[in-house]
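Q:
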Amino acid sequence: MDALDGNAIGGLLREIFGAEMTTASATCATCGSTGRVAETVVYLQAPGAVMRCRVCGAVLMVVVRRAETNCVDLSGLAALEPPLQPAVC
Amino acid sequence: MAGTAVRGRLTWQVATVGSLTDETSSVRTIELEVPDWAGHRAGQHLDVRLTAEDGYSAERSYSIASAPGEAVLITVERLDDGEVSPYLTEELRPGDEIEIRGPIGGYFVWDGTDPAPVLLVAGGSGVVPFRSMLRHRERAGAAAPVRLLYSARSLPDVIYRAELDKQPGGVEVVYTLTRQQPPDWTGHRGRVDAALLGEVAWPADQLPASYVCGPTPFVEAVASSLVSLGYPAGQVRTERYGGAGGT
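Residue numbers (this note's numbering), protein chains in the order written: chain A, 0 to 88; chain B, 468 to 714.
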């Protein structure tokens, strides 16, 4: 299976954060670059979901479901900021 | 967890299957009757969850194929080694119930309020969210001119062909057929590359909105070609599909 992008876990992230997160800004704790969650690299074939930085490839987020609980590791993120207002296109 | 719904949090709900429409030999559109549907934006998707008798469950995301305000439609391509798509395209019958949650996503959406020209580039079943956008454009009376460049393996693999061929003024649909062309085919052949995009895409100085959807290698190639044509890298909206859908 190919690498996907952050759109693929929009439902999972809403389950975890209670908000639309694909338009949130994610800042990589490794290289400092900032991009939309939708543009991050996402792998779903791992045990759980893995989000990586599109610039440097570092792991940003890992979500593993255990029984009924989502275990979320955000240590690769320096910041995760939802947009202040809904995105308008 | 049932009964503990938090505002803003999405919950799984049961949808009833309505009509089924075969789009191509491997692609089917499924109408879903969802009692508590919150309404969607053009370009959003929903998640489908199938659970086996032994408790094993699998989730997949599918783009919504209908415009905001229309009945919820998803279009599913059968992947022969898939866990979910063979069931959805071959076993599902009207009246069946499946679990869904949605609508999902706020990035790969087009609301039709911006008059800037729109470029849509689809690889295979990546055309699905664009059908929602095109229907929305017509229903909302949006003025933005739209060009859709659609890469498919062959003419019989083109999804929504009848609908795409009778688009209203202001919408141009350009096909490229990558593997097989009819003998009298006068359209484009081969994969979407910088030369074809240079021909079809709006010039970057018109500040177009751009959306690219398809399998990951297709999206990466198209997005980097658009950047080489002067499209700002951060403004090409992309959505990558898994599986081995043909382009």
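A virtual CB, placed ideally from N, CA and C, is assigned to each residue, including glycine.
Within its chain, find whatever has a CB closer than 6 Å to the CB of G636 (chain B); leave out the 5 residues flanking it on each side and keep chain order.
A: What you label residue 636 (chain B) is simply residue 169 of the second sequence in a count that begins at 1. Nothing meets the Cβ criterion.
Q: Kindly say whether A37 (chain A), judged by its beta-carbon, lies nearer than 8 Å to any beta-carbon of chain B.
A: Counting from 1 along the first sequence, the entry for residue 37 (chain A) is found at position 38. By this cut-off, A37 (chain A) is an interface position.
Q: List the residues that DSSP assigns as beta-bridge partners of A589 (chain B).
A: Position 122 of the second sequence, counting from 1, holds the residue named residue 589 (chain B). DSSP lists B:Y617 and B:C680 as partners of A589 (chain B).
Q: Beta-carbon separation of G536 (chain B) and E19 (chain A) under 8 Å?
A: Position 69 of the second sequence holds residue 536 (chain B). Position 20 of the first sequence holds residue 19 (chain A). Cβ atoms of G536 (chain B) and E19 (chain A): not closer than 8 Å.
Q: From the beta carbon of S528 (chain B), is the nearest beta carbon of chain A less than 8 Å away?
A: Taking the first residue of the second sequence as position 1, residue 528 (chain B) is located at position 61. At least one chain A Cβ lies under 8 Å of S528 (chain B).
Q: What residues from chain A crowd round D514 (chain B), counting only those whose CB sits closer than 7 Å?
A: For this step, residue 514 (chain B) is matched to residue 47 along the second sequence. G10, listed in chain order.
Q: Ends of the alpha helix (DSSP H) at L499 (chain B)?
A: As a position in the second sequence, residue 499 (chain B) is number 32, starting the count at 1. Premise fails: L499 (chain B) lies in the beta strand (DSSP E), V494 to E500, not in any alpha helix (DSSP H).
Q: In three-state DSSP terms, what is V625 (chain B)?
A: Looking up residue 625 (chain B) in the second sequence gives position 158. Looking at V625 (chain B) - three-state DSSP - the assignment turns out to be coil, as it is neither helix nor strand.
Q: Considering only the alpha carbon of each residue, which of B:V667, B:A662, B:A661 and B:Y642 lies closest to H655 (chain B)?
A: The residue you call residue 655 (chain B) lines up with position 188 of the second sequence. Ranking B:V667, B:A662, B:A661 and B:Y642 by Cα distance to H655 (chain B) puts B:Y642 first.
Q: Have a look at D581 (chain B) and S533 (chain B) and give me their C-alpha separation to the nearest angstrom.
A: Numbered from 1 along the second sequence, position 114 holds the residue referred to as residue 581 (chain B). Numbered from 1 along the second sequence, position 66 holds the residue referred to as residue 533 (chain B). Their Cα atoms are separated by approximately 20 Å.
Q: Excluding the 5 residues preceding and the 5 following D563 (chain B) in the sequence, name in chain order all residues of the same chain whose CB lies nearer than 6 Å to its CB.
A: Residue numbering aside, residue 563 (chain B) sits at position 96 when the second sequence is read from its first letter. Taking C-beta separations shorter than 6 Å and ignoring five residues to either side along the sequence, the partners of D563 (chain B) in its chain run V484, following chain order.
Q: Taking the alpha helix (DSSP H) that M600 (chain B) falls in, what are its first and last residues?
A: Numbered from its first residue, the second sequence carries residue 600 (chain B) at position 133. Residues V595 to A607.
Q: Would you say N6 (chain A) lies against chain B (beta-carbon separation less than 8 Å)?
A: Counted from its first residue, the first sequence places residue 6 (chain A) at position 7. Yes, N6 (chain A) lies at the interface with chain B (some Cβ there is under 8 Å from its Cβ).
Q: Here's a check: name, in chain order, each residue in its chain whose Cβ is nearer than 6 Å to the Cβ of E550 (chain B), leaving out the five neighbours to either side.
A: One-based indexing of the second sequence puts residue 550 (chain B) at position 83. Excluding sequence neighbours, E550 (chain B) sits near A525.
Q: Between the beta-carbon of R51 (chain A) and the beta-carbon of V40 (chain A), is there less than 8 Å?
A: Taking the first sequence and counting its residues from 1, one reaches residue 51 (chain A) at position 52. Taking the first sequence and counting its residues from 1, one reaches residue 40 (chain A) at position 41. In this structure, the beta-carbon distance from R51 (chain A) to V40 (chain A) falls below 8 Å.
Q: Could you check if D489 (chain B) is buried or exposed, using at least 16 other CB atoms within 10 Å of its CB as the buried criterion?
A: Here the question's residue 489 (chain B) lines up with position 22 in the second sequence. Label assigned to D489 (chain B): exposed.
Q: Answer yes or no: do R13 (chain A) and S24 (chain A) have a C-beta to C-beta separation smaller than 8 Å?
A: One-based indexing of the first sequence puts residue 13 (chain A) at position 14. One-based indexing of the first sequence puts residue 24 (chain A) at position 25. No; because the gap between Cβ atoms is not below 8 Å, this pair is not in contact.
Q: Can you grab the Cα-Cα spacing for the pair A583 (chain B) / L674 (chain B), in whole Å?
A: In the second sequence, residue 583 (chain B) corresponds to position 116, counting from 1. In the second sequence, residue 674 (chain B) corresponds to position 207, counting from 1. Taking the straight line from one Cα to the other gives about 7 Å.
Q: On the DSSP letters alone, give me the boundaries of the beta strand (DSSP E) that V41 (chain A) sits inside.
A: Residue 41 (chain A) sits at position 42 when you count from the first residue of the first sequence. Counting along the chain, the beta strand (DSSP E) containing V41 (chain A) begins and ends at V40 to Y42.
Q: In the DSSP assignment, find the unbroken alpha helix (DSSP H) run with L663 (chain B) in it and report its ends.
A: Translated into the one-based positions of the second sequence, residue 663 (chain B) becomes position 196. That run of the alpha helix (DSSP H) goes A661 to V667.
Q: Comparing the C-beta of F597 (chain B) with each C-beta of chain A, is any distance below 8 Å?
A: In the second sequence, counting from the first residue as 1, residue 597 (chain B) sits at position 130. So, not an interface residue.
Q: Since G681 (chain B) and G593 (chain B) should fall inside the 8 Å C-beta cutoff, what is the C-beta to C-beta distance between them, to a whole number of angstroms?
A: As a first step, residue 681 (chain B) must be located in the second sequence, where it is residue number 214. As a first step, residue 593 (chain B) must be located in the second sequence, where it is residue number 126. At roughly 3 Å, the Cβ-Cβ gap stays under 8 Å, so G681 (chain B) and G593 (chain B) are in contact.
Q: T22 (chain A) touches chain D at which residues, Cβ-Cβ below 7 Å?
A: The chain inventory of the structure shown lacks chain D, comprising the protein chains A and B.
Q: Using a Cβ cut-off of 8 Å (strictly closer), state whether R13 (chain A) contacts chain B.
A: What you label residue 13 (chain A) is simply residue 14 of the first sequence in a count that begins at 1. Chain B, which has a Cβ nearer than 8 Å to the Cβ of R13 (chain A), makes this yes.
Q: Using the Cα positions of T471 (chain B) and L477 (chain B), report the straight-line distance between them to the nearest angstrom.
A: As a working note, residue 471 (chain B) is residue 4 in the second sequence. As a working note, residue 477 (chain B) is residue 10 in the second sequence. Here T471 (chain B) scores only 48 on pLDDT, less than 50, and its place in the model should not be relied on; the value that follows carries that caveat. Their Cα atoms are separated by approximately 11 Å.
Q: Would you be able to state if there are at least three C-beta pairs under 8 Å between the stretch 689-708 of chain B and the stretch 605-612 of chain B?
A: Contact fails: fewer than three Cβ-Cβ distances are below 8 Å.
Q: Using the DSSP secondary-structure output, state which residues sit across from V62 (chain A) in a beta bridge.
A: Along the first sequence, read from residue 1 onward, the residue named residue 62 (chain A) stands at position 63. According to DSSP, which records beta bridges pairwise, V62 (chain A) is partnered with A:A48 and A:V71.
Q: Looking at chain A, which residues of the stretch 699-710 of chain B have a Cβ within less than 9 Å of any of its Cβ atoms?
A: G701, R704, T705, E706, R707, Y708, G709 and G710
Q: Is there at least one Cβ from chain A nearer than 8 Å to R658 (chain B)'s Cβ?
A: For the purposes of this step, residue 658 (chain B) is taken as residue 191 along the second sequence, with counting starting at 1. For R658 (chain B), the answer is no, since every Cβ of chain A falls outside 8 Å of its Cβ.
Q: DSSP three-state label for S533 (chain B), please.
A: One-based indexing of the second sequence puts residue 533 (chain B) at position 66. DSSP places S533 (chain B) in coil when its eight states are reduced to three.
Q: Opposite A482 (chain B) in the DSSP bridges: which residues?
A: For the purposes of this step, residue 482 (chain B) is identified with residue 15 of the second sequence, where counting begins at 1. Paired residues: B:I565.
Q: Alpha carbon to alpha carbon, how far is R495 (chain B) from P561 (chain B)? Give it in angstroms, no decimals.
A: Translated into positions along the second sequence, residue 561 (chain B) becomes position 94. Translated into positions along the second sequence, residue 495 (chain B) becomes position 28. Distance between the alpha carbons of P561 (chain B) and R495 (chain B): 13 Å.
Q: State the DSSP-derived secondary structure class of Y523 (chain B), mapped to helix, strand or coil.
A: As a first step, residue 523 (chain B) is located in the second sequence; it is residue number 56 there, counting from the start. Coil.
Q: Alpha carbon to alpha carbon, what distance is there between V61 (chain A) and L616 (chain B)?
A: Your numbering for residue 616 (chain B) matches position 149 in the second sequence. Your numbering for residue 61 (chain A) matches position 62 in the first sequence. Going by the C-alpha atoms only, they are around 35 Å apart.
Q: Of all Cβ atoms in chain A, is any one closer than 8 Å to the Cβ of L477 (chain B)?
A: Position 10 of the second sequence holds residue 477 (chain B). Taking Cβ atoms only, chain A reaches closer than 8 Å to L477 (chain B), which makes this a yes.
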